[in-house]
């Protein structure tokens, strides 16, 4: 299928600092893609370039096969949900939503129908005549969303739209956004620095760092198989072990962690025997045993700290002479030892060799 | 999780009641943008970024260059001319003689000194008089009454220079309210001559300029958080210490801009000295004006004096701002 | 208006200072108004018998009516030009990240800090070098020049509270720069501009020194009052001044409310 959006080697620099560095990215019709990364990673610049507010220094941006690289925002069939919503304070909700339709020269009656439909889509039918300042944060958020959907864009861009909401409302809006995206069948390009938001909603996550794509894939792939140290530590918590490679034949890699033999998944790397490699193991992949287990990987340690977190507990285990490993355990499981000498064990496919 | 309205009944419902509040949409803007006339005119500017920026920035810059800078430049140029008007065909010759003429003639330079000293005194007195009032409105009047307390003071602001000066005559004339009142209560037998001297002049000028002091002081004082004063009092600072260590330093911006405004207004005040001043109170603007009443051949000397006055007033105001500190204009950028 | 809470010493003193100041500001104007009702011809207290005859005389005074008309004409033109130019400069100063932005701002403020008298004669010289005669056009130019910085600062204050994303959103939804300005920026500025326009009109109506140096044979209101004053006092001048004072004060207070609202909203 032809991508709805294609970035071809797009580079944007401000003076000497490169915000986006030779970015290649395709977005399929109906896909929910999230650009995830810390502030300054280039994700917002990417979005603004697609919106038409920044012009790339080089490269091309195609929208439904058409080169839009140098078109101004009003000539592009994309719409943005702004971080601060940017609702026009002097217009009613209905007039806000109608803004884009009016500029298309659509007839009043048709505008009226479309505005009504959109308000119903987010259950704000009774708010048409209100002013933006009379609405709550969540309601404004919804209005901003349907205002951007109103002109029926090829793709909807969302610039950290949930960051101004409190935690509970944010969770609710994540579900709602995803539902609206599926219902309308539109492509969404969502920008956030919040990994949880990205994991919850996306079909595909693009992790960006320093203007480049670090890794992209489904939420499961990114979480279970982080390619690099940056991705592993940016998405979720992880244990990083410095190992040396013993052998690397087939999908498994044999490693040595300061005298402990470890088997791990190859990940996206092709480690050569004798080189150094960094291994990532999620805390929840590590099990605790009172006696030596028969898992592929196992090591002895002593619990040095225990933090209770409600539905789970985080244990720090000191592995003598080698460092700390953190493990997430079920505090109600009586078979799990939570103090003193313990054995740690994890399966080979839960440990991934990282690219540096 | 919020479920989405999948039913059509809900939609029909809103559709039914919507006409009551149906807003008037303006698809005209969309049609306008597509109309041939618009495309041939404003649309061209909207399309072309370079042309748009040129017009957008160019027009105001042109105005500023012509209207804001032009007259000052001409003023300086005329002040350097040997003769004016320039006769046709002859090229203008430039000289500093007009400035020497001014500096060497006490009849001209004395009023300048007088104006500067007078403006300085007026500024100081206004500051001392207005500060407590501004403090009262900003800090003691309760917030819900503050606007009204301020508006009461703003009423005279909208009457012009001439009317306000005229009203001062009502108060200070020999048979004005003050003299009549003093005589009624038996303090004086004959009216005290209060008009046409420095007293009436200062009274009238302060009356004219005090609001330029009040407003900046008020906005600076209003911004000082009350809890700072409470904290200072809690730490043992008495009223005087609080004033000296907290309130005055934090209202510095207001003091600087208030004093500059008052100084610059006072030095250029024109109608009030004519109406309220006497033979001994000749100020510089009157002196300059005399050069512009008659034929234009005296303009160069008058212009030279105006340049000196402009330099002196702006220079002193800038010096004051530098000395006391505070960068008010910075907050607009 | 005085604080109803118990007053301690300093507070009572400050409160007294405030009311004395109010008296100082309003007293002369009230005296002037009172005198306009005096039946006798000469200006002196006590007022004694009162009459409305002076007002009747003023409203039938052809010179006064012509001065009112002329003042309004000049004020209207000044308001129109100063609002457009001042707003335009404010947009440039707030929008463009030019290195010379602070220079533009400083030069735009210049007419507000040049003493009025100097400004008047510099414009007088300026128009003479351009061979423009004194008169209506020159007065309007002088008044506009004076009002522009005030409009600019009012517009700038309002613009600073406007999120940049509003214009972006308008552009994103299909507005070209011109339409985005008309439909978003201009309505956003509206309350500040109303205040600014009234302010311009009042500055123009009150102005004496610029009109004095730039005027032709027709007189504006302050010029008329000034000329009458120099000709000799009469309660008729009081009636005239009172009418002007009342009108400007009401309009001015209304403008003040408008700008206050614009700032808080």
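Chains as they are written, first to last, in the working numbering: chain A, 69 to 424; chain B, 37 to 369; chain C, -19 to 245.
Backbone N, C-alpha and C define an ideal beta-carbon position, used for all residues, glycine too.
Proximity of chain A to residue 51 (chain C) at the Cβ level (cut-off 9 Å) is not reached, the minimal Cβ distance being about 33 Å.
Beyond the five residues adjoining it in sequence on each side, residue 336 (chain A) comes within less than 7 Å, by CB distance, of 295, 423 in the same chain, given in chain order. Among the residues of chain B, those whose CB is under 7 Å from the CB of residue 166 (chain A) are 61, following chain order.
The C-alpha of residue 273 (chain A) lies about 20 Å from the C-alpha of residue 150 (chain A). Against chain B, the CB of residue 111 (chain A) has no partner CB under 8 Å away; the residue lies outside that interface. Excluding the 5 residues flanking it on each side, residue 172 (chain A) has same chain C-beta neighbours closer than 8 Å at 219, in chain order. For a cut-off of 8 Å, the C-beta gap from residue 231 (chain B) to residue 199 (chain B) is around 17 Å, too long to register as a contact. Contact check for residue 364 (chain A) and residue 331 (chain A): beta-carbon distance about 5 Å, within the 8 Å limit, so the pair qualifies. With respect to chain C, the C-beta atom of residue 104 (chain B) has a partner C-beta closer than 8 Å. In the DSSP annotation of this structure, the continuous segment of the beta strand (DSSP E) that includes residue 315 (chain A) starts and ends at 307 to 315. For residue 66 (chain B), at least one C-beta of chain A is nearer than 8 Å to its own C-beta. Taking the beta carbon of residue 158 (chain A) as reference, the chain C residues within 7 Å of it are 167, 168, listed in sequence order. Put simply, the backbone Cα of residue 103 (chain A) is about 5 Å away from that of residue 259 (chain A).
DSSP, reduced to helix, strand and coil, places residue 80 (chain A) within a strand of the structure shown. Sequence-distant Cβ neighbours of residue 326 (chain A) in its own chain, meaning closer than 6 Å and more than five residues away, are 390. Taking a C-beta cut-off of 7 Å against chain A, the contacting residues of the region 119 to 148 of chain C are 143, 145, 146, 148, listed in chain order.
The beta carbon of residue 226 (chain A) lies closer than 6 Å to those of 149, 258 in the same chain, with the five residues before and after it left out.
Shown here for residue 82 (chain C): not one same chain residue has a beta carbon closer than 8 Å to its own, the five before and five after excluded. Here residue 242 (chain A) has 230, 265, 268, 269 as same chain residues with Cβ atoms under 8 Å from its own Cβ, once five neighbours each way along the sequence are excluded. Judged by DSSP secondary structure, residue 126 (chain B) falls outside any alpha helix (DSSP H); it is assigned neither H nor E.
DSSP, reduced to helix, strand and coil, places residue 369 (chain A) within a strand of the structure shown.
The beta-carbon of residue 87 (chain C) is placed no less than 8 Å from the nearest beta-carbon of chain A. The C-beta of residue 75 (chain B) comes no closer than 8 Å to any C-beta of chain A. Taking the beta carbon of residue 219 (chain A) as reference, the chain C residues within 7 Å of it are 153, 154, listed in sequence order.
For the region -11 to 33 of chain C, the continuous alpha helix (DSSP H) assignments of 4+ residues that do not extend past its boundaries occur at -11 to 15, in sequence order. Put simply, of B:114, B:170, B:299, B:140 the residue whose alpha carbon is nearest the alpha carbon of residue 129 (chain B) is B:114.
Close partners of residue 187 (chain C) in chain B (Cβ separation under 9 Å): 196, 197. Between residue 410 (chain A) and residue 385 (chain A), the CB-CB gap stays under 8 Å. Between the beta-carbon of residue 34 (chain C) and that of residue 202 (chain C) there is about 19 Å, and that puts the pair past the 8 Å contact cut. The continuous alpha helix (DSSP H) containing residue 181 (chain A) extends over residues 176 to 189.
Counting only Cβ-Cβ distances below 7 Å, residue 203 (chain B) has contacts in chain C at 8, 9, 11, 12, in chain order. The beta carbon of residue 281 (chain A) sits closer than 8 Å to the beta carbons of 91, 92, 93, 274, 275 from its chain, once the five residues preceding and following it are set aside; these are given in chain order. Under the 8 Å criterion on CB atoms, residue 48 (chain C) is classed as non-interfacial with respect to chain B. Taking 8 Å as the CB threshold, residue 176 (chain A) lines the interface with chain B. For the set B:295, B:342, B:359, the Cα lying nearest the Cα of residue 158 (chain B) is the one of B:295. Taking 7 Å as the upper bound on Cβ-Cβ separation, chain A lies near no residue of the region 164 to 187 of chain B.
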